[in-house]
Amino acid sequence: MKPKFKKNILCIGAGYVGGPTMAMIAYKCPQYKVTVVDINPVRIDEWKSNDLPVYEPGLDAIVKKTRGRNLFFSSNIQQGIIESDIIFVSVNTPTKTFGVGAGMAADLQYWEKTARQILQYSQSPKIIVEKSTLPVKTALAMERILTSNNNVHFEVLSNPEFLSEGTAIKDLEYPDRVLIGSGLTQSGLQARDELVEIYANWVDEKRIIRTDIWSSELSKLVANAFLAQRISSVNAISALCEKTDADVGNVAGAVGFDSRIGDKFLNASIGFGGSCFKKDILNLVYMCRCNGLNEVADYWDHVLRINDFQKDRFVVNMLTAMFNTLAGKKICLFGFAFKANTGDTRESPAIYVARRLIEEKACLTITDPKALKNVRIDLKGIDEKVTCIDDPYEAAFESHAIAIMTEWALYRDLDYDKIYKSMVKPAFIFDGRNIIDHNKLYEIGFNVYPIGKPALSHF
Ligand code: UDX
Ligand code: UDX
1 MKPKFKKNIL CIGAGYVGGP TMAMIAYKCP QYKVTVVDIN PVRIDEWKSN DLPVYEPGLD
61 AIVKKTRGRN LFFSSNIQQG IIESDIIFVS VNTPTKTFGV GAGMAADLQY WEKTARQILQ
121 YSQSPKIIVE KSTLPVKTAL AMERILTSNN NVHFEVLSNP EFLSEGTAIK DLEYPDRVLI
181 GSGLTQSGLQ ARDELVEIYA NWVDEKRIIR TDIWSSELSK LVANAFLAQR ISSVNAISAL
241 CEKTDADVGN VAGAVGFDSR IGDKFLNASI GFGGSCFKKD ILNLVYMCRC NGLNEVADYW
301 DHVLRINDFQ KDRFVVNMLT AMFNTLAGKK ICLFGFAFKA NTGDTRESPA IYVARRLIEE
361 KACLTITDPK ALKNVRIDLK GIDEKVTCID DPYEAAFESH AIAIMTEWAL YRDLDYDKIY
421 KSMVKPAFIF DGRNIIDHNK LYEIGFNVYP IGKPALSHF
């Protein structure tokens with residue numbers, strides 16, 4: 001009997017990357033069976049339910065179309081490995097918190113554990129695809145583990161994911177590029193072709209970049225470092241704008257008009273967050289130091305330092321504007337996610353700001369359409385000073401100040417007249433994302449503090 005599916009794909013790690021990526025592959029390639037496994041059974045149950053563990057516009061629809069057809073979620077890692085031809089590894093690689101390289105290097109313990117599981121259960125040859133972002137040469141370590149005591153042949157590929165949260169489905173469906181790194185041996189190139197064949201079901205061949213495995217691993221870290229560097233560059237200039245009455249929006253607009261520079265990723269903000277930028281730059285810096293390249297390491301380290309400086313500046317500006325004391329004042333945070341259209345709060349600047357404001361003895365009200373579930377976890381130990389409220393009007397009621405942390409579109413279109421009337425006067429608004437109409441709010445009566453633009457104050 002002809003098998004129902006051409007090949008069996010397994011993904012280990014049902015997180016922000018593994019889940020949506022596999023859903024897209026299953027959607028575009030009905031001829032492949034795609035199974036996603038995870039050590040966390042709760043996560044797997046959520047993927048099987050109507051309340052997916054990851055919020056991404058468009059994800060629900062794709063999962064509905066594919067789940068049970070050729071997309072399956074399971075906790076049985078062993079069976080998944082045995083049945084698979086191609087294994088994507090998408091387990092997390094956080095920054096190491098202990099021992100050598102603590103606070104900088106990638107913690108590869110889950111990775112190695114996964115490699116050992118693959119080795120233990122495999123009975124037939126497999127292609128192993130690195131999806132997680134990893135230090136250069138991790139594939140070599142993986143290969144060494146996999147060839148240590150088994151006659152099964154494994155071919156390790158690097159296929160970093162460039163999706164951005166909040167637009168994951170669009171990024172997966174219309175990627176700028178798909179990067180595939182392989183060994184340059186005959187079997188390496190063959191494996192690479194197999195992976196190309198999967199993506200070619202919906203991605204134009206011209207956008208599928210084939211390269212060597214080390215360049216592929218490094219490209220992912222460098223792409224994230226370059227993106228973060230643009231944000232730190234414009235944020236550094238925003239500090240100068242505030243001192244010189246220039247407007248960072250106008251400066252970024254004029255600079256970005258140069259086609260060599262481009263206009264994307266030049267929005268001044270309270271600072272970048274998310275699970276990748278900081279972690280990947282720390283990893284890059286660590287690799288540079290390990291290779292004796294201290295000047296290169298310092299260069300990239302400054303991207304992170306400016307990001308910390310920006311978050312700190314924001315809190316200091318709040319404190320200074322509000323007469324140098326926040327004690328007992330009610331401050332409302334609009335947004336807690338690290339960016340709009342996601343419920344993810346990993347490394348969100350809002351966590352830092354909330355902690356600092358609580359240190360100043362302020363009382364916080366936090367509102368966010370998707371991320372409130374994380375507030376208690378992220379502010380553990382100090383959360384008795386925090387109230388979470390879904391409705392932004394209710395959250396801002398009787399507050400002394402509003403601080404916009406996340407660029408959710410809904411915060412642009414609120415009835416600020418109504419909000420102003422309900423607040424303690426003088427009322428302040430600190431726009432950490434430059435999304436509201438500053439002049440209009442000033443006319444309503446607010447004292448308005450944007451990023452990188454002159455403040456509009458009634459004093
Ligand atoms: C992943 C990568 O891990 C990260 O390095 C990369 O930069 C982006 O992709 P993400 O999907 O956001 O990150 O991570 P997360 O949402 O934490 O998901 C990882 C999943 O792997 C979790 O569900 C975790 O339970 C699972 N896991 C972890 C395993 O299944 N096995 C393990 O041994 C460890
Ligand atoms: C990033 C990369 O974009 C993606 O390619 C990679 O796979 C994972 O890391 P992500 O972290 O999901 O994606 O979000 P991204 O859109 O890059 O934003 C990161 C942070 O930068 C957010 O906090 C965002 O608000 C901030 N940002 C972004 C700015 O402050 N200004 C900008 O102009 C753009």
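Mapping the sequence shown onto the working numbering, position 43 (from 1) lands on 43, and the numbers just tick up by one. All C-beta atoms, glycine included, are put in the ideal place defined by N, C-alpha and C.
Determine which residues share a DSSP beta bridge with residue i and list them.
i	result
residue 449	430
residue 456	448
residue 155	127
residue 248	In the DSSP output, where bridge partners are listed per residue, residue 248 has none listed.
residue 382	For residue 382, which the question treats as bridged, DSSP gives no partner whatsoever.
residue 211	181
residue 36	11, 73
residue 230	None; residue 230 has no bridge partner.
residue 88	11, 129
residue 93	According to DSSP, residue 93 bridges with nothing at all.
residue 387	365
residue 401	331, 428
residue 106	95
residue 67	71
Shortest alpha-carbon distance to residue i belongs to which of the options?
i	options	result
residue 160	82, 436, 18	18
residue 181	195, 304, 62	195
residue 106	276, 368, 373	276
residue 332	326, 399, 422, 103	399
residue 225	24, 307, 442	307
residue 96	258, 280, 336	280
residue 184	340, 368, 193	193
residue 458	428, 435, 343, 436	428
residue 421	396, 114, 100, 438	396
residue 461	355, 380, 390	An answer regarding residue 461 cannot be provided, because it is not within the stretch 1 to 459 covered by the chain.
residue 122	98, 80, 138	80
residue 478	436, 394, 387	With the chain represented from 1 up to 459, any question about residue 478 goes unanswered, as that position is not in the structure.
residue 175	351, 424, 21	21
residue 289	205, 101, 324, 385	101
residue 73	35, 59, 62, 187	35
residue 304	278, 315, 319	278
residue 368	361, 385, 342, 346	342
residue 221	327, 445, 137	137
residue 178	190, 204, 166, 191	204
residue 125	116, 155, 349, 149	155
residue 57	445, 363, 171	171
residue 325	232, 51, 358	358
residue 217	9, 157, 47, 316	157
residue 146	127, 8, 52	127
residue 39	63, 99, 114	114
Give me, in chain order, the residues of the same chain whose beta-carbon lies closer than 6 Å to that of residue i; leave out the 5 immediate sequence neighbours on both sides.
i	result
residue 433	269, 404, 407
residue 238	248, 268, 451, 452
residue 75	41, 44
Is residue i near ligand 2 - that is, is its Cβ less than 7 Å away from at least one heavy atom of it?
i	result
residue 165	yes
residue 339	yes
residue 84	no
residue 237	no
residue 233	no
residue 293	no
residue 134	no
residue 218	no
residue 221	no
residue 397	no
residue 265	yes
Measuring only from the beta carbon, is residue i closer than 7 Å to any heavy atom that is part of ligand 1?
i	result
residue 335	no
residue 371	no
residue 43	yes
residue 113	yes
residue 281	no
residue 225	no
residue 90	yes
residue 274	no
residue 34	no
residue 38	yes
residue 13	yes
By Cβ distance below 8 Å, which residues in the same chain neighbour residue i in space, the five residues on each side in sequence not counted?
i	result
residue 132	13, 17, 89, 90, 91, 92, 93, 111
residue 438	431, 448, 450, 453, 456
Give me, in chain order, the residues of the same chain whose beta-carbon lies closer than 7 Å to that of residue i; leave out the 5 immediate sequence neighbours on both sides.
i	result
residue 251	237, 241
residue 54	16, 19, 20
residue 256	262, 263, 266
Counting only beta-carbon atoms, is residue i nearer than 8 Å to chain B?
i	result
residue 96	Considering every chain present, this structure includes no chain B. It has just one protein chain.
Can residue i be considered in contact with ligand 4, in the sense that its beta carbon sits closer than 7 Å to one or more heavy atoms?
i	result
residue 159	This structure lacks ligand 4; its bound ligands are ligand 1 and ligand 2.
Scan the region 274-353 and note each continuous alpha helix (DSSP H) run of 4 residues or more that stays entirely inside, going in chain order.
277-290, 294-321
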